[in-house]
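First up is the structure itself, then whatever we jot down about it.
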Amino acid sequence: MKIEVSVQPSEHQLQVISDGISAFNAPYLPNDGEFESGLRFAIMAQNEQGEYVGGLQASVVWSYCVLELLWLSEETRGQGVGSQLIEHLAAFAKEKQLTQIRTETLDFQAKPFYEKQGFKVYGEINDSPKGHKTYFLVKALA
């Protein structure tokens, strides 16, 4: 058996893994194919000069959305732009018939912001990264 680590996997390698897990999951998740699992997208915010001042990166996994990254420029924070990005994300996810949005944040990042947006903490890990706490959050989409 040969095992190798690939830091730049080919599309074929990624597809082999995706197809394999889909085949394994099929008896348990018969509707898995209804969603665009693997879809990655971004929602961007621009100022009047056309400069990017914020955005988020997300993906679809089974029937839910994973909010991977959310960034706002320093001067944009506190102006409601983050809330607008989350609103657009929720609308897009609902359009795709997804049931929830999941994300994670560190103790010095945006936990209170996410909670104001309707996210609930469902887990946490202490000292990860060292000296900090990671929170896992979920927002149900009605």
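FYI, in my numbering the residues of the sequence shown are 7 to 148. From the three backbone atoms N, C-alpha and C, an ideal C-beta is built for every residue, glycine too.
Quick one: give me the first and last residue of the alpha helix (DSSP H) that VAL22 is part of. Your numbering for residue 22 matches position 16 in the sequence shown. Unbroken alpha helix (DSSP H) run through VAL22: 17-31.
Can you tell me the Cβ-Cβ gap for TRP68 and LEU35, rounded? I've got them flagged as a contact below 8 Å. Here residue 68 corresponds to residue number 62 of the sequence shown, with the count starting at 1. Here residue 35 corresponds to residue number 29 of the sequence shown, with the count starting at 1. That belief holds up - the Cβ atoms of TRP68 and LEU35 are roughly 7 Å apart, short of 8 Å.
What is the rounded straight-line gap between the Cα of VAL72 and the Cα of GLY61? Taking the first residue of the sequence shown as 1, we reach residue 72 at position 66. Taking the first residue of the sequence shown as 1, we reach residue 61 at position 55. Whole-angstrom Cα-Cα distance: 14 Å.
Could you please give the first and the last residue of the uninterrupted alpha helix (DSSP H) stretch that includes LYS145? Walking along the sequence shown from the start, residue 145 turns up at place 139. It is not in any alpha helix (DSSP H) - LYS145 instead sits in the beta strand (DSSP E) that spans 139-146.
Contacts around ILE131, its chain only, beta-carbon distance under 6 Å, and the 5 residues preceding and following it disregarded: Along the sequence shown, one-based indexing puts residue 131 at 125. Correct list, in chain order: THR140.
Beta-carbon proximity list for VAL87, same chain, < 8 Å, skipping 5 on both sides: Stepping through the sequence shown from its first residue, residue 87 is reached at position 81. Answer for VAL87: ALA51, VAL59, GLY60 and LEU78, listed in chain order.
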